[in-house]
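Inspection log for the structure reproduced underneath, given as structure tokens.
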Amino acid sequence: MLLSPAVLALNGVSFTVTLMLVLAAGFALQVVRHWDLTSGSERQLELERRTYLIATLVTWSFAAAVVSLLLFVYNAEQMATQFVGAMCATGVLNAHPLGWPTLFLKILIFFAGAAWLMLNRLDNQAPDYPLVRVKYWLLLGFLPLAALEAGVQLGYFLGLDPDVITSCCGSLFTADGDGVAATVAALDPGWSLAAMYGLGLSVLGLGTVHGWRARRGASGVGFALSGALAFAAALAAIVSCVALYVYEHPHHHCPFCILKGGHGFIGYWLYLPLFTATALSLGVGLISGWGHIPSLTAAVQADGQRFTAAALALFALFYGVATYAILTSNLTMTGVWW
Amino acid sequence: MRQFLRRQRYLIDYSLSALARRPGKHLALLLVYTLVVFLLASVMLFTQSLRREAALVLAQSPEIILQRQIAGRHDLMPAEYLDRIGRIRGVSAKYGRLWGYFYDPAVRANYTLMVPPPGSPAHGEPAPGDIVIGAGIARTRGLEVGDYLSLRSARGEPFAFRVAALLPHSTELVSTDLMLLGADDFRRFFAFPADRFTDIVLQVRNPREVRKVAEKLSLALPDTRPILREEILRTYDAVFGWRQGLVFVLMGGMVLAFVIFAWDRAAGLSGEERREIGILKSIGWETGDVLRMKFWEGAILSLTAFFLGYLLAYAHVFYLSAALFEPVLKGWAVLYPDFRPIPFVDGIQVATLFFFTVFPYTVATIVPIWRTAVTDPDAVMR
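So the sequences go chain by chain: A and B.
With the first letter of the first sequence counted as 1, position 33 gets the number 37 in my numbering; the numbers rise by one all the way through.
With the first letter of the second sequence counted as 1, position 177 gets the number 179 in my numbering; the numbers rise by one all the way through.
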């Protein structure tokens, strides 16, 4: 176990978030069982008041989870000096089998939390709270995810042993290795770039169409799916191609080093818009299905349009930054890749 | 969007005036909050700067140090080992070093005596009879350039050295007790065997070759132990991180007490405050508005305390040399280095500190604030 303040903070936050969600889930369970808006009983009044508490607890849990995702990556970056052979966050995540799962769970929690908050926002706009049961059932599903993340993260930090020889990003992301990370690096840069731009076009196109038709209650599931696919393709393209142009090095595939100051913090310009846009598109997919409820129709249209517009702007920003990184790079792969 | 921002502005405006209306109550909380941030931030900034200092110092040190061991104890290195190592591919330079410790009974302190390695940056090897000393020795013995320092050699004879120069102040953390002298003086002073060195160092240009070179060394000379610079750095990193973590665990009690204090403060609303909430709700504020207002109140308080505490800690560490915990974190020594850490702020520190202070405060106040916000107007005004 590494007893550094950042590790203590990360574990503390994950367990506190789990605790807050246990509290919220306890209340949510009562709401799911006894919610009856037509009743004027004291219990119903109490339940209505509790919805505020639950929403507040979940909002703060989500905010903490977002910061903890950033801190986790930062911390992995900083701990690289303590592991033989680790040169950046990749090596540290690789130092224990639970490293990558922790990161993926944190990302999953980010998307789940964002989508839930958007659903909650939608529901709160209707006077009769038609989605109360749906959103609290979803919340009950959110809890095991948070608990799992806290446990996996603790296991990761407990299992980290600074003497383990880890492969640094240079060796992990070489094309002849095995494992998921190596598979992504071995993708043909041309294909991965084509997939990124192709799916980018599809998400921008579907988003524009959805923004146009949201007023008529169109489903946003297509947009959400294309957003998720564009997200996956974008991450793959960053590892297999975009990062190489940022580093101006044909074999450096690390997805974390682009966050460093030496590369103008361009990673933040890539990841923040990409993650936010994907979360928004997933949320649009989730909320667009409730337009048929009369009290929600107007809110679904307004929120759907607003979130779609924001997601499109952020996706466009991401593709703009990625294109800029490629075009302004001094790395030339003409004749090798193209 | 504009409406949203305007709404938040009015809420902030209201929260500020509410805070100003009861300065005494909030000032106490602010004081405790600032103190908590200050203490944690000081520990953090100080250990972080020590860590950086160590990394900066070690950046100049050789990649591999080779020590000879006999029966598990450090022994002098025969000079012929330099030849026995022979040519190892990747090693750009290798030489024997002469250094040791000397206890000076006059000031009851240990000096580190060293012959400057070839090509050392600031000072070449001092002329016979000359020494270059660190600021700590100069301070405790009251020496200036040109003065003489007389020490008793290993054979019991007095040895007078002329102070030729002082080491720069900027390196004081590592050079405070350092005394540089010529190789012949060193050997005569310690009666050091002529065919021995203290250890051998090797420079390796390519960091990826260091471990291979170390492996070859331990095969060629089984009675030696190679120590790698990266290992030292890693150990420092781990040790400083561990110390910092230990202090944080100890301070966990303090944070917990603070959380209970904050909870108590948020839960124990005065009758006047209850009435205020009641009036707000009766004139049309919703529960959500009261919640938002209360969170703005918390945010204002937290940010003020956080910035105040952090700035105070910054001044404490970088201008007052962390006067409060210097003895604990730096260990004890007679020749105490007077060092000013290089100011350095790092995002991960701020985020960690935020999680140790603002996050617990926020979590502790959620339930009390919610309880306040859902009170019925008629219940409190009646």
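Ideal Cβ positions, reconstructed from N, Cα and C, are used throughout, including at glycine.
Worksheet item: Shortest alpha-carbon distance to B:Ile371 belongs to which of A:Ile111, A:Arg54, A:Lys139 and A:Glu153?
Response: Selected option, being the one with the closest Cα: A:Arg54.
Worksheet item: In angstroms, rounded to a whole number, what distance separates the CA positions of B:Asp132 and B:Arg157?
Response: Cα-Cα distance, rounded: 20 Å.
Practice prompt. Measure the C-alpha to C-alpha separation of B:Leu52 and B:Ile344 and round it to an integer number of angstroms.
Written response: Going from the Cα of B:Leu52 to the Cα of B:Ile344 covers about 9 Å.
Worksheet item: Under 8 Å between C-beta atoms, does B:Ile350 make it to chain A?
Response: Yes, B:Ile350 lies at the interface with chain A (some Cβ there is under 8 Å from its Cβ).
Practice prompt. Measure the Cβ-Cβ separation of A:Ser285 and A:Ala240 and say whether it is below 8 Å.
Written response: Taking the C-beta atoms as reference points, A:Ala240 is found no nearer than 8 Å to A:Ser285.
Item to complete: Could you tell me the boundaries of the beta strand (DSSP E) in which B:Gly102 lies?
Response: From DSSP, the beta strand (DSSP E) with B:Gly102 extends over Trp101 to Asp106.
Worksheet item: Just reading off the beta strand (DSSP E) that B:Met116 is part of, what are its end residues?
Response: Residues Ala111 to Met116.
Worksheet item: So which residues on chain B does A:Ala10 lean against when the C-beta distance must stay under 7 Å?
Response: Within chain B, the residues placing a beta-carbon under 7 Å from that of A:Ala10 are Ile350 and Thr354, ordered along the chain.
Fill in: Proximity test, Cβ basis, 8 Å: A:Gln251 and chain B
What sits at residue 251 of chain A in the sequence shown is Tyr, not Gln. Taking Cβ atoms only, chain B never reaches closer than 8 Å to A:Tyr251, which makes this a no.
Fill in: Contact set between B:Asp239 and chain A, taken where Cβ atoms lie within less than 7 Å
For B:Asp239, the neighbours in chain A by C-beta distance under 7 Å run, in chain order, Thr85 and Gln86.
Discussion item. By the DSSP assignment, the beta strand (DSSP E) with B:Met181 in it spans what residues?
Written reply: Secondary structure note for B:Met181: its beta strand (DSSP E) is the uninterrupted segment Leu180 to Leu183.
Worksheet entry | Bridge partner(s) assigned by DSSP for B:Asp201 | Bridge pairing for B:Asp201: B:Arg99 [DSSP].
Worksheet item: How close, in whole Å, do the beta carbons of B:Glu65 and B:Gln246 come, if the pair is a contact with beta carbons under 8 Å?
Response: The beta-carbon separation of B:Glu65 and B:Gln246, rounded to 27 Å, does not stay under the 8 Å limit for a contact.
Discussion item. If I measure Cβ to Cβ from A:Ala130 and keep anything under 8 Å in the same chain, skipping five residues before and after, which residues do I get?
Written reply: The answer, listed in chain order, is Ile297, Ser299, Leu300 and Ala303.
Fill in: Cβ contact (3+ pairs, closer than 8 Å) linking the segment 360–371 of chain B and the segment 261–269 of chain B
The answer is yes - the segment 261–269 of chain B touches the segment 360–371 of chain B, with three or more Cβ pairs under 8 Å.
Practice prompt. Look at the alpha carbon of A:Cys258 and the alpha carbon of B:Pro80, and state the distance between them as a whole number of angstroms.
Written response: For A:Cys258 and B:Pro80, the distance between alpha carbons rounds to 46 Å.
Discussion item. For the pair the segment 88–103 of chain A and the segment 272–280 of chain A, tell me if three or more CB-CB distances fall below 8 Å.
Written reply: Between the segment 88–103 of chain A and the segment 272–280 of chain A, the count of C-beta pairs closer than 8 Å stays below three; the two stretches do not touch.
Worksheet entry | Buried/exposed call for A:Ile169, threshold 16 Cβ in 10 Å | With a pLDDT of 45 at A:Ile169, under the threshold of 50, the modelled position of that residue is not reliable, and no figure is offered here.
Item to complete: Express the C-alpha separation of A:Ile111 and A:Cys173 in angstroms, rounding to a whole number.
Response: Caution applies to A:Cys173, whose pLDDT of 47 falls short of 50 and renders its modelled position unreliable; the model cannot decide the point.
Discussion item. Tell me the residue span of the alpha helix (DSSP H) that contains B:Ile350.
Written reply: Note, B:Ile350: alpha helix (DSSP H), Gly349 to Ala375.
Fill in: Cβ pair A:Phe260, A:Thr22 closer than 8 Å
Cβ atoms of A:Phe260 and A:Thr22: not closer than 8 Å.
Item to complete: Measure the C-alpha to C-alpha separation of A:Phe114 and A:Leu61 and round it to an integer number of angstroms.
Response: Our two residues, A:Phe114 and A:Leu61, have alpha carbons roughly 15 Å apart in a direct line.
Discussion item. I'd like to know if B:Met46 contacts chain A, where contact means its C-beta is closer than 8 Å to some C-beta of that chain.
Written reply: For B:Met46, the answer is yes, since a Cβ of chain A falls inside 8 Å of its Cβ.
Worksheet item: Helix, strand or coil: which one does DSSP assign to B:Arg150?
Response: It should be noted that the sequence gives Tyr, not Arg, for residue 150 of chain B. The DSSP-derived three-state label of B:Tyr150 is strand.
Item to complete: Using a threshold of 8 Å, state whether the C-beta atoms of A:Val17 and A:Ser72 are closer than that.
Response: Yes, these two residues count as a Cβ contact at 8 Å.
Discussion item. My output table needs one value for B:Thr226: the three-state DSSP class, helix, strand or coil.
Written reply: Look at B:Thr226 here: in three-state DSSP terms it is strand.
Discussion item. Could you tell me the alpha carbon to alpha carbon distance between A:Leu49 and B:Asp380, rounded to whole angstroms?
Written reply: The alpha-carbon atoms of A:Leu49 and B:Asp380 are separated by roughly 15 Å.
Item to complete: Would you tell me roughly how many angstroms separate the C-alpha atoms of A:Phe235 and B:Arg277, rounded to the nearest one?
Response: The alpha-carbon atoms of A:Phe235 and B:Arg277 are separated by roughly 51 Å.
Fill in: C-beta neighbour in chain A for B:Thr36, strict 8 Å
At a cut-off of 8 Å between C-beta atoms, B:Thr36 does not count as an interface residue with respect to chain A.
Worksheet item: Cα-Cα, which of B:Val38, B:Arg99 and B:Leu41 is closest to B:Ala185?
Response: Scanning B:Val38, B:Arg99 and B:Leu41 for the CA closest to the CA of B:Ala185 turns up B:Arg99.
Discussion item. In the DSSP output, what is B:Met79 paired with across the bridge?
Written reply: Per the DSSP secondary-structure output, B:Met79 pairs in a beta bridge with B:Phe199.
Discussion item. According to DSSP, B:Leu310 sits in a beta bridge with which residue or residues?
Written reply: BP columns for B:Leu310 are empty, so no partner.
Item to complete: Could you tell me which residues DSSP puts in a beta bridge with B:Ala167?
Response: Note: B:Ala167 sits in a beta bridge opposite B:Val134.
Discussion item. What would DSSP say about B:Ser19, mapped onto helix, strand or coil?
Written reply: Here B:Ser19 sits in helix by DSSP.
Worksheet item: Is there at least one Cβ from chain B nearer than 8 Å to A:Gln309's Cβ?
Response: Not one chain B Cβ lies under 8 Å of A:Gln309.
Discussion item. At the 8 Å Cβ level, is B:Ala268 part of the contact set with chain A, yes or no?
Written reply: Contact of B:Ala268 with chain A is not assigned, every C-beta pair being separated by 8 Å or more.
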